[in-house]
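Student: The structure's right below; bear with me while I get my questions together.
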Amino acid sequence: ELKVEQNPLFLSMQEGKNYTIYCNYSTTSDRLYWYRQDPGKSLESLFVLLSNGAVKQEGRLMASLDTKARLSTLHITAAVHDLSATYFCLTGGTSYGKLTFGQGTILTVHP
Amino acid sequence: NAGVTQTPKFQVLKTGQSMTLQCAQDMNHNSMYWYRQDPGMGLRLIYYSASEGTTDKGEVPNGYNVSRLNKREFSLRLESAAPSQTSVYFCASSEALTGAPGQPQHFGDGTRLSIL
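Residue numbers (my numbering), protein chains in the order written: chain P, 1089 to 1199; chain U, 196 to 311.
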């Protein structure tokens, strides 16, 4: 059974600081997705990572994938308040249909 | 662009009542999914449909049934609602289950369901 674990689950940051969210998964996977969810809202796709060593960047967010370590990271650079949200990773192992979410990381950015 | 549309947005049921959550997508996607979101547990897959005419169980299928009515629509039915099914339900769609892993899932706005 595929297990996907994110840490930390709660992250309180000051504006301007850097931090990393980690997503570990238990079985081989060839793809990993990152999503953002604002309170009471739907999920928004941020990144799609498809190969070992893949790195994607959008604004202050950068995501990477290490398939050998079964680890993805979401790095936040110089955080701003607008980044406050819950971030989820999603991966599927080798079964395309049964995708599994991490628990989510609730990020709060303070002035 | 409508994307993925879910109805209703909110619903309150009594224990034992039945209801169907509706989901429709206008992106010509092959695959559709139903998730539930509970505090502290992320989103869990209930059922998915790889293509029109097929459905498969996800992680938490007990107490639910689904119907892939056509390529656009994928409904979720609670036959006899229980308080444990109080949750936010999300429908999602993606271009293809296989052959296109680079396509992310697109999510609807969710249905907030309370069962008393």
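Every residue, glycine too, gets a C-beta built ideally from N, C-alpha and C. All figures in this text were calculated on a predicted structure; none of them were measured in a lab.
(1) Is P/Ser-1117 closer than 8 Å to P/Thr-1161 when the C-beta atoms are compared?
(2) What beta strand (DSSP E) runs, 3 residues minimum, are completely inside the stretch 1146-1183 of chain P?
(3) By the 10 Å Cβ neighbour count, where 16 or more other Cβ atoms means buried, how is U/Arg-263 classified, buried or exposed?
(4) For P/Ile-1194, which residues in the same chain have their Cβ closer than 6 Å to its Cβ, ignoring the five residues on either side in sequence?
(5) When burial is assigned at 16 or more other CB atoms within 10 Å of the CB, is U/Ser-288 buried or exposed?
(6) Could you give the residue range of the beta strand (DSSP E) that holds P/His-1198?
(7) For U/Cys-218, which option in U/Tyr-284, U/Gly-297 and U/Glu-268 has the closest C-alpha, if you only look at C-alpha atoms?
(8) Buried or exposed: which applies to U/Leu-308, given that a residue is buried once 16 or more other Cβ atoms fall within 10 Å of its Cβ?
(9) Identify each residue in the stretch 253-285 of chain U for which the Cβ-Cβ distance to at least one residue of chain P is less than 8 Å, and report them in chain order.
(10) In this structure, how does DSSP classify U/Ser-275 when only helix, strand and coil are distinguished?
(11) Which stretch, first to last residue, makes up the beta strand (DSSP E) that contains P/Arg-1119?
(12) Expressed to the nearest angstrom, what Euclidean distance is found between the alpha-carbon atoms of U/Ser-213 and U/Glu-274?
(13) Going by DSSP, what residue range makes up the beta strand (DSSP E) through U/Tyr-238?
(14) Check this for me: beta carbons of U/Arg-272 and U/Val-255, under 8 Å apart or not?
(15) Using DSSP bridges, identify the partner residues of U/Ser-226.
(16) Give me the residue from P/Pro-1096, P/Leu-1090, P/Val-1092 and P/Gly-1104 with the minimum Cα distance to P/Pro-1199.
(17) When DSSP builds the beta bridges, which residues end up paired with U/Asn-260?
(18) Output, in sequence order along the chain, the residues in the stretch 300-311 of chain U whose CB is closer than 8 Å to any CB in chain P.
(19) Which class does U/Gln-280 belong to by DSSP, given the choice of helix, strand or coil?
(20) Assuming P/Phe-1135 contacts P/Lys-1144 under a Cβ cut-off of 8 Å, what Cβ separation, rounded to an integer in Å, is found between them?
(21) Who are the neighbours of P/Lys-1186 on chain U, taking C-beta pairs under 9 Å?
Tutor: Per the coordinate set shown:
(1) no
(2) 1149-1154, 1159-1164 and 1173-1179
(3) By the 10 Å Cβ count, U/Arg-263 comes out buried.
(4) Once the five neighbours on either side are set aside, the close Cβ partners of P/Ile-1194 are Phe-1098 and Thr-1174.
(5) buried
(6) 1193-1198
(7) U/Glu-268
(8) buried
(9) Gly-253, Glu-254 and Phe-285
(10) U/Ser-275: coil per DSSP, three-state reduction.
(11) From DSSP, P/Arg-1119 is part of no beta strand (DSSP E); its letter is neither H nor E.
(12) 5 Å
(13) Contrary to the premise, residue 238 of chain U reads as Leu rather than Tyr in this sequence. Here the beta strand (DSSP E) through U/Leu-238 covers 238-244.
(14) no
(15) Beta-bridge pairing links U/Ser-226 to U/Ser-289.
(16) P/Gly-1104
(17) U/Arg-272
(18) Gln-300, His-301, Phe-302, Gly-303, Asp-304 and Gly-305
(19) helix
(20) 5 Å
(21) Leu-240, Tyr-243, Asp-251, Lys-252, Gly-253 and Glu-254
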